[in-house]
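Protein chains: 2
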Amino acid sequence: SVPATGCAGTSCAAVLPAAQLVPAHPVAGTERSGPEAGFATLFRGRWCIVTPLPETDPVATTRVADFWRRLGAAVDTMTPEHHDRVLAVTSHLPHLIAYSIVGTASDLEAVTESEVIKYSAGGFRDFTRIAASDPTMWRDVFLHNREAVLEMLGRFSEDLASLQRAIRWGDGEALFDLFTRTRAVRRSIVEQGQDDAREDFGRTHEG
Amino acid sequence: SVPATGCAGTSCAAVLPAAQLVPAHPVAGTERSGPEAGFATLFRGRWCIVTPLPETDPVATTRVADFWRRLGAAVDTMTPEHHDRVLAVTSHLPHLIAYSIVGTASDLEAVTESEVIKYSAGGFRDFTRIAASDPTMWRDVFLHNREAVLEMLGRFSEDLASLQRAIRWGDGEALFDLFTRTRAVRRSIVEQGQDDAREDFGRTHEG
Numbered sequence: 054s055v056p057a058t059g060c061a062g063t064s065c066a067a068v069l070p071a072a073q074l075v076p077a078h079p080v081a082g083t084e085r086s087g088p089e090a091g092f093a094t095l096f097r098g099r100w101c102i103v104t105p106l107p108e109t110d111p112v113a114t115t116r117v118a119d120f121w122r123r124l125g126a127a128v129d130t131m132t133p134e135h136h137d138r139v140l141a142v143t144s145h146l147p148h149l150i151a152y153s154i155v156g157t158a159s160d161l162e163a164v165t166e167s168e169v170i171k172y173s174a175g176g177f178r179d180f181t182r183i184a185a186s187d188p189t190m191w192r193d194v195f196l197h198n199r200e201a202v203l204e205m206l207g208r209f210s211e212d213l214a215s216l217q218r219a220i221r222w223g224d225g226e227a228l229f230d231l232f233t234r235t236r237a238v239r240r241s242i243v244e245q246g247q248d249d250a251r252e253d254f255g256r257t258h259e260g
Numbered sequence: 054s055v056p057a058t059g060c061a062g063t064s065c066a067a068v069l070p071a072a073q074l075v076p077a078h079p080v081a082g083t084e085r086s087g088p089e090a091g092f093a094t095l096f097r098g099r100w101c102i103v104t105p106l107p108e109t110d111p112v113a114t115t116r117v118a119d120f121w122r123r124l125g126a127a128v129d130t131m132t133p134e135h136h137d138r139v140l141a142v143t144s145h146l147p148h149l150i151a152y153s154i155v156g157t158a159s160d161l162e163a164v165t166e167s168e169v170i171k172y173s174a175g176g177f178r179d180f181t182r183i184a185a186s187d188p189t190m191w192r193d194v195f196l197h198n199r200e201a202v203l204e205m206l207g208r209f210s211e212d213l214a215s216l217q218r219a220i221r222w223g224d225g226e227a228l229f230d231l232f233t234r235t236r237a238v239r240r241s242i243v244e245q246g247q248d249d250a251r252e253d254f255g256r257t258h259e260g
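From first to last, the protein sequence lines stand for chains A and B.
If you're matching positions, the first sequence starts at 54 in the working numbering and goes up one per residue.
If you're matching positions, the second sequence starts at 54 in the working numbering and goes up one per residue.
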């Protein structure tokens, strides 16, 4: 889960009529939630997105940005609409897909759930970390960012159908081309310090 | 990538007519490939699947199983057909989905690739590790296990379409139910020692 800080727009404005509202959203976190899941370096080297409203005083925006920088985050400013599209692809769609595949795997009859667990090291276990995120928060994310999520989901489903066709018709070249292209994205993420550079995320291998 | 050991059936039989063939498949590995990517504890606590052929001498099967046990693996025996279905769901489908979503994300116009990389800590970066696996090996996996992969992919697409519908129609209960159910799978994987129990896979958080 990505912890969201701040308070919901309408409720704040009602209680504090003179308050300045500066929505901001850190892109950091783990699969655990609640105050106990925090740690000192949670925001270090991560990005925080600040989405000022048209009526927000720029001074208030600067103060909020400074607050996040002091926690170790880098700050980006964008419109709420753009934020919703960026998060739909970098966070909401991955969560939806992870929840979905873990659900599919645990519904099978031909392969037992015990087999899925035993052989999860083949790749599946990565998806289960995300699919262990807070259900209440994620339900609300999907209901509130519906438009952008449905758009990204439509694109993903098209792309997946095209891969399905390549497999069915034995088009190895199409598969190889995509599989080669995606490596570069991983390389950039590691180079920009957004993920652990060690193989397997630096997992322990003591079994 | 999951490194496959052994030699391909037909080629071995042609070169060594009296040889005993015992196909076996460890479920372990990282996104790196080749001999340099190995390490001493690679198979410790992981499972190795042995799939003897009808003509395989049971003594040879026992020897191969012992070999894998000495490397630290636990051994399971099943038919090649069942192996193909198990791996389709625990390994091949997750890889296909990871490759696909990373491809979708890097094709967007509304959200730049640089934004995808900056905000990848929202969940996306987990998918990029798998999508950095060896392209040649994975092309061949999909072409050779076509039937089982297409079956699992069909089930996944149905389940995803049903989630899409729940989002479109605002059915929060359906979302919440699935998101709650999937947590248990993660718990079992950690309990059975198939993944790092620390949050975020024990990633470093120094940014």
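Note that CB positions come from ideal geometry on N, CA and C, so glycine has one too.
Given the structure is predicted, the values throughout are model-derived calculations rather than measurements.
- Is the beta carbon of residue 115 (chain B) less than 7 Å from the beta carbon of residue 156 (chain A)? Locating residue 115 (chain B) in the second sequence gives position 62, counting from the first residue. Locating residue 156 (chain A) in the first sequence gives position 103, counting from the first residue. In this structure, residue 156 (chain A) does not lie closer than 7 Å to residue 115 (chain B) by Cβ.
- Task: Tell me where the alpha helix (DSSP H) around residue 148 (chain B) begins and ends.
- Result: As a position in the second sequence, residue 148 (chain B) is number 95, starting the count at 1. Start and end: 146–159.
- Message: Quick check: what's the CA-CA separation for residue 185 (chain B) versus residue 180 (chain A)?
- Response: Indexing the second sequence from 1 puts residue 185 (chain B) at position 132. Indexing the first sequence from 1 puts residue 180 (chain A) at position 127. Cα-Cα distance, rounded: 15 Å.
- Measure the alpha-carbon distance for residue 251 (chain A) versus residue 238 (chain A) and round it to whole angstroms. Along the first sequence, one-based indexing puts residue 251 (chain A) at 198. Along the first sequence, one-based indexing puts residue 238 (chain A) at 185. Cα to Cα, the separation comes out at about 16 Å.
- Give the interface partners of residue 191 (chain B) over in chain C, defined as CB-CB distance under 7 Å, in chain order. You won't find chain C in this structure, because its protein chains are A and B.
- Message: Quick check: what's the CA-CA separation for residue 213 (chain B) versus residue 148 (chain A)?
- Response: On the second sequence, position 160 is the one that residue 213 (chain B) refers to. On the first sequence, position 95 is the one that residue 148 (chain A) refers to. The alpha-carbon atoms of residue 213 (chain B) and residue 148 (chain A) are separated by roughly 12 Å.
- Under the DSSP definition of a beta bridge, which residues are partnered with residue 79 (chain A)? As a first step, residue 79 (chain A) is located in the first sequence; it is residue number 26 there, counting from the start. Residue 79 (chain A) is bridged to A:101.
- Query: Could you give the residue range of the alpha helix (DSSP H) that holds residue 127 (chain A)?
  - Reply: Position 74 of the first sequence, counted from the first residue, corresponds to residue 127 (chain A). Residue 127 (chain A) -> not in any alpha helix (DSSP H); beta strand (DSSP E) instead, spanning 127–130.
- Item | Spatially closest choice to residue 243 (chain B) from A:247, A:172 and A:165, by CA coordinates | Position 190 of the second sequence, counted from the first residue, corresponds to residue 243 (chain B). Nearest option by C-alpha distance: A:172.
- Message: Can you give me the C-alpha to C-alpha distance between residue 201 (chain B) and residue 151 (chain A), rounded to a whole angstrom?
- Response: Taking the first residue of the second sequence as 1, we reach residue 201 (chain B) at position 148. Taking the first residue of the first sequence as 1, we reach residue 151 (chain A) at position 98. Rounded to whole angstroms, residue 201 (chain B) to residue 151 (chain A) spans 20 Å at the Cα level.
- Does any C-beta atom of chain A lie closer than 7 Å to the C-beta of residue 169 (chain B)? One-based indexing of the second sequence puts residue 169 (chain B) at position 116. Chain A, which has a Cβ nearer than 7 Å to the Cβ of residue 169 (chain B), makes this yes.
- Item | Supposed close pair residue 106 (chain A), residue 74 (chain A) - CB separation, criterion 8 Å | Walking along the first sequence from the start, residue 106 (chain A) turns up at place 53. Walking along the first sequence from the start, residue 74 (chain A) turns up at place 21. Contact between residue 106 (chain A) and residue 74 (chain A) holds, since their C-beta atoms are separated by about 6 Å, short of 8 Å.
- Query: Candidates A:78, A:229, A:162 and A:135: which alpha carbon is nearest residue 196 (chain B)'s?
  - Reply: In the second sequence, residue 196 (chain B) corresponds to position 143, counting from 1. It is A:229 whose Cα lies nearest to the Cα of residue 196 (chain B).
- Query: Looking at the structure shown, is residue 73 (chain A) part of a helix, part of a strand, or coil, going by DSSP?
  - Reply: For this step, residue 73 (chain A) is matched to residue 20 along the first sequence. DSSP places residue 73 (chain A) in coil when its eight states are reduced to three.
- With respect to the alpha helix (DSSP H) encompassing residue 88 (chain A), which residues constitute its N-terminal and C-terminal limits? In the first sequence, counting from the first residue as 1, residue 88 (chain A) sits at position 35. Looking at the DSSP string, residue 88 (chain A) is not in any alpha helix (DSSP H), and its letter there is neither H nor E.
- Message: Tell me which residues share the same chain as residue 90 (chain A) and place their Cβ nearer than 7 Å to its Cβ, disregarding the 5 neighbours each side in the sequence.
- Response: Within the first sequence, residue 90 (chain A) is the residue found at index 37, counting from 1. Taken in chain order, the residues that qualify are 83.
- Item | is_contact[residue 239 (chain A), chain B] using C-beta, thresh 7 Å | Reading the first sequence from its first residue, position 186 is the one you call residue 239 (chain A). Cβ-Cβ to chain B under 7 Å: yes for residue 239 (chain A).
- Message: Would residue 246 (chain B) and residue 144 (chain A) qualify as a contact pair, given that the criterion is a beta-carbon distance under 7 Å?
- Response: For the purposes of this step, residue 246 (chain B) is identified with residue 193 of the second sequence, where counting begins at 1. For the purposes of this step, residue 144 (chain A) is identified with residue 91 of the first sequence, where counting begins at 1. Cβ distance not < 7 Å, so residue 246 (chain B) and residue 144 (chain A) don't count as in contact.
- Taking DSSP as the reference, what is the three-state secondary structure of residue 134 (chain A)? Locating residue 134 (chain A) in the first sequence gives position 81, counting from the first residue. Residue state for residue 134 (chain A) is assigned as helix, using DSSP reduced to three classes.
- Does the beta carbon of residue 85 (chain A) sit closer than 7 Å to a beta carbon anywhere in chain B? For the purposes of this step, residue 85 (chain A) is taken as residue 32 along the first sequence, with counting starting at 1. Chain B contact via Cβ: present.
- Query: the segment 246–259 of chain B: which residues have C-beta closer than 7 Å to a C-beta of chain A, in chain order?
  - Reply: 246, 247, 248, 249, 252, 253, 254, 255, 256, 257, 258 and 259
- Query: Count the other CB atoms within 10 Å of the CB of residue 248 (chain A); is the residue buried (16 or more) or exposed (fewer)?
  - Reply: For the purposes of this step, residue 248 (chain A) is taken as the residue at position 195 of the first sequence. Taking every protein chain shown into account, the CB of residue 248 (chain A) has 16 or more other CB atoms within 10 angstroms, so this residue is buried.
- For the alpha helix (DSSP H) containing residue 236 (chain B), list its first residue and its last residue. As a first step, residue 236 (chain B) is located in the second sequence; it is residue number 183 there, counting from the start. From DSSP, the alpha helix (DSSP H) with residue 236 (chain B) extends over 225–244.
- Does residue 107 (chain B) have its Cβ less than 7 Å from a Cβ in chain A? In the second sequence, residue 107 (chain B) corresponds to position 54, counting from 1. So, not an interface residue.
- Message: Buried or exposed for residue 77 (chain A), going by 16 or more other Cβ atoms inside 10 Å?
- Response: Residue numbering aside, residue 77 (chain A) sits at position 24 when the first sequence is read from its first letter. With 16 or more other Cβ atoms within 10 Å, it is buried.
- Beta-carbon of residue 188 (chain B) versus every beta-carbon of chain A: anything under 7 Å? Within the second sequence, the letter at position 135 stands for residue 188 (chain B). Chain A contact via Cβ: present.
- Among B:167, B:220, B:208 and B:191, nearest to residue 241 (chain A) - alpha-carbon criterion: One-based indexing of the first sequence puts residue 241 (chain A) at position 188. For residue 241 (chain A), the nearest C-alpha among the options comes from B:167.
- Under 6 Å from any heavy atom of the ligand ZN, does the C-beta of residue 143 (chain A) make it? This structure lacks the ligand ZN; in fact it carries no ligand of any kind.
- Task: Indicate whether residue 100 (chain A) and residue 129 (chain A) have their beta-carbon atoms separated by less than 7 Å.
- Result: Residue numbering aside, residue 100 (chain A) sits at position 47 when the first sequence is read from its first letter. Residue numbering aside, residue 129 (chain A) sits at position 76 when the first sequence is read from its first letter. It is a contact, given that the beta carbons lie within the stated cut-off.
- Message: According to DSSP, simplified to helix, strand and coil, what is residue 252 (chain B)?
- Response: One-based indexing of the second sequence puts residue 252 (chain B) at position 199. Of the three classes helix, strand and coil, the one that applies to residue 252 (chain B) here is helix, per DSSP.
- Message: According to DSSP, is residue 167 (chain A) part of a helix, a strand, or is it coil?
- Response: In the first sequence, residue 167 (chain A) corresponds to position 114, counting from 1. Helix, per DSSP.
- Query: Where residue 253 (chain B) and residue 182 (chain A) are concerned, what is the direct C-alpha to C-alpha distance, given to the nearest angstrom?
  - Reply: What you label residue 253 (chain B) is simply residue 200 of the second sequence in a count that begins at 1. What you label residue 182 (chain A) is simply residue 129 of the first sequence in a count that begins at 1. Near 7 Å, if we compare the C-alpha coordinates of residue 182 (chain A) and residue 253 (chain B).
- List the residues of chain A that residue 212 (chain B) touches, going by C-beta distances under 7 Å, in chain order. Here the question's residue 212 (chain B) lines up with position 159 in the second sequence. Result: 153, 156 and 157.
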